[in-house]
Amino acid sequence: NLFDLVNVVIEVAILLFYCSTLFDFKHPITFSKVMLIVVTVGVISFLGTMRLSSYINLSISYMICLLLLYYLFSGKFRKKIFMSAIYIVIAMTVEILATIIITFFGISYNMSGSDNITYIVGAMLSNFIRLWLCAYVSRILSRNMRGLPVSYWIFMIVCPILSVLCLVIFDIYLMQAEEVNRFLVFIPSFCILYINFMLFRFFETFSANIRLKVIERLAEQNEENY
16 NLFDLVNVVI EVAILLFYCS TLFDFKHPIT FSKVMLIVVT VGVISFLGTM RLSSYINLSI
76 SYMICLLLLY YLFSGKFRKK IFMSAIYIVI AMTVEILATI IITFFGISYN MSGSDNITYI
136 VGAMLSNFIR LWLCAYVSRI LSRNMRGLPV SYWIFMIVCP ILSVLCLVIF DIYLMQAEEV
196 NRFLVFIPSF CILYINFMLF RFFETFSANI RLKVIERLAE QNEENY
């Protein structure tokens, strides 16, 4: 199914985003690295068609995360093992939160078929929560966001919550419609994902600029002292 493939691509992109915020990417970008990402998408898509237990899926997800960290990113292997375990905890939390949020609004959450509108919106909601948690956890662990003002932190918390409400309201609206164009389901979901993704990228750039200003100020002070 095309949607399942797109959903897997989004999951892999979020995983790479999570890894890139914690480790430096190994340059240059070679053909083997690109093929590793493509094979990862294919493996996850294939596993999605099989009825495997949750423990097996989590174990495979852990190995995939560790494999990508090992071949694509530089850093200590012990830290990569720990960060892969953190990602699995995030993946477990995502499914629980997505189910709780949707059922809280009295919506029957059906994960058995891709033709169900709630299934599509629920999968997008899971991806959004995954991006949200990965971004927060990676920022906290990497200590890149401690220089942000309090107002920015409030915005970072409020924006994802409002995005969740938008997705749920959109799902309720689609369920009440007699005819639904499946293509329209993707547009708001991708827009919300893009807004939140760029939100964290913006704050990452902002934090880097703060560190750059501090370095420039120290350089000016050293020059004056000299």
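In case it helps, the working numbering puts the sequence shown at residues 16 to 241. The C-beta atom is built at its ideal place from N, Cα and C for all residues, glycine as well. Note that the structure is predicted; figures quoted are calculated from it, not measured.
Nearest candidate by alpha-carbon position, reference residue i, set the options
i	options	result
Ile75	Val58, Ile172, Leu87 and Lys91	Val58
Thr114	Asn237, Ile103 and Ala138	Ala138
Val283	Phe170, Ile207 and Leu30	What the structure shows of the chain is the stretch from 16 to 241, and residue 283 is not part of that stretch, so it cannot be assessed.
Trp147	Phe119, Thr118, Tyr134 and Leu112	Leu112
Val183	Ile117, Leu214, Cys174 and Lys228	Ile117
Leu84	Leu177, Ser69, Ile101 and Glu231	Ile101
Ser178	Ser68, Asn72 and Phe205	Phe205
Ile144	Asn211, Ile79 and Leu73	Asn211
Ser153	Ile25, Tyr209, Val104 and Ser47	Val104
Phe119	Leu180, Tyr209, Tyr77 and Val165	Leu180
Tyr209	Leu140, Lys228, Ser166 and Val229	Leu140
Pro13	Tyr86, Met65 and Val21	Within the shown structure, residues of the chain are numbered from 16 to 241, placing residue 13 beyond reach of any answer.
Phe217	Thr36, Ile25, Tyr241 and Leu31	Thr36
Leu81	Leu31, Thr45, Ser60 and Val165	Leu31
Assigned exposure category for residue i - 16 Cβ within 10 Å defines buried
i	result
Glu239	exposed
Val109	buried
Ser95	Reading off the sequence shown, one finds Lys at residue 95, where the question assumed Ser. Classification of Lys95: buried, given that the 10 Å Cβ count is 16 or more.
Met98	buried
Asn16	exposed
Leu233	exposed
Ser127	In this predicted model, Ser127 has a pLDDT of only 48, less than 50, meaning its place in the structure is not dependable; the value taken from the coordinates is given anyway. So Ser127 counts as exposed.
Thr55	buried
Leu67	exposed
Asn237	exposed
Asn224	exposed
Ile25	buried
Bridge-paired residues (DSSP) for residue i
i	result
Ser89	Asp39
Sequence-distant residues of the same chain with beta carbon closer than 7 Å to residue i, five excluded per side
i	result
Phe88	Cys34, Phe38, Asp39, Phe40 and Lys41
Ile52	Val27
Pro175	Trp147 and Asn211
Ser47	none
The alpha helix (DSSP H) enclosing residue i, as first and last residue numbers
i	result
Met50	Phe46 to Gly63
Residues of its chain near residue i, where Cβ-Cβ distance is below 6 Å and the 5 sequence neighbours each way are ignored
i	result
Pro203	Phe185
Gly90	Phe38
Residue-chain proximity (residue i, chain B), Cβ-Cβ < 8 Å
i	result
Phe38	Structure shown: chain B not included; a single protein chain is present.
Proximal residues to residue i (C-beta, below 8 Å), its chain only, five neighbours per side dropped
i	result
Gly63	Asp19 and Val23
Ile29	Asn142, Arg145, Leu146 and Cys149
Leu106	In the sequence as displayed, the identity of residue 106 is Ala instead of Leu. The residues are Leu73, Ser76 and Arg145.
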